[in-house]
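Numbering (the UniProt record's numbering), first residue to last: 1 to 114.
Glycine included, C-beta positions come from ideal geometry on N, C-alpha and C.
Notes follow once the structure below has been shown.
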Amino acid sequence: MGSAEIEDGAVSFLSGVSSAHECLLYCLLLSGDLMDSCSSLSLVQILSAVYCKGGLPYSFTNLRTLEIHTSLSKREIPGILCLLRKSPVLDTLKFQIFHGKEDNVKESTAVIAS
Numbered sequence: 001m002g003s004a005e006i007e008d009g010a011v012s013f014l015s016g017v018s019s020a021h022e023c024l025l026y027c028l029l030l031s032g033d034l035m036d037s038c039s040s041l042s043l044v045q046i047l048s049a050v051y052c053k054g055g056l057p058y059s060f061t062n063l064r065t066l067e068i069h070t071s072l073s074k075r076e077i078p079g080i081l082c083l084l085r086k087s088p089v090l091d092t093l094k095f096q097i098f099h100g101k102e103d104n105v106k107e108s109t110a111v112i113a114s
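Given below as structure tokens:
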């Protein structure tokens, strides 16, 4: 599966949930046979590539609450911006940021707006 197919799949998946009022997004890594040239990517990292190519072709017009669980790497920032730019009525944004390796995780939680 190539990177364009992965990006198309992510865009298609998100279009299916674009009318949701609340969204909890775990930035899980995709790895193994799914990736050809990349060792691992999260959905938000895939959206970063989509953002650089012009962003999503639709908006999350009903999305009021977005909660993102992430390590907040610099490869995820454009993907998060991609989601925020397409969420015009968002009023609550929560981040749960994980620091460290999986066996030694430290959490930080922040409510950005409410």
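Starting from L81 and walking both ways along the alpha helix (DSSP H), at which residues does that stretch end?
-> Counting along the chain, L81 sits inside the alpha helix (DSSP H) bounded by residues I77 to R85.
Check the C-beta distance from L25 over to L41 and give it rounded, since I have them as a contact under 8 Å.
-> L25 to L41, Cβ: 14 Å. No contact.
Sequence-distant residues of the same chain with beta carbon closer than 6 Å to G9, five excluded per side | Result list for G9: empty, nothing under 6 Å.
In terms of alpha-carbon separation, which member of A20, L47 and Q96 lies closest to L72?
-> Ranking the options by Cα distance to L72, first place goes to Q96.
Keeping to the same chain, check which residues put their C-beta closer than 7 Å to that of L81; ignore five residues upstream and five downstream.
-> Excluding residues within five positions, the ones whose Cβ falls inside 7 Å are Y51.
Given that a residue counts as buried once 16 or more other Cβ atoms are within 10 Å of its Cβ, and exposed if not, what is T61?
-> T61 comes out exposed.
Please classify F98: does DSSP put it in a helix, a strand, or coil?
-> Collapsing the DSSP output to three states places F98 in a strand.
Reference L56; option with closest CA among G16, R75 and G2 | Taking only the C-alpha atoms, the option nearest L56 is G16.
Helix, strand or coil for E7 per DSSP?
-> E7: helix per DSSP, three-state reduction.
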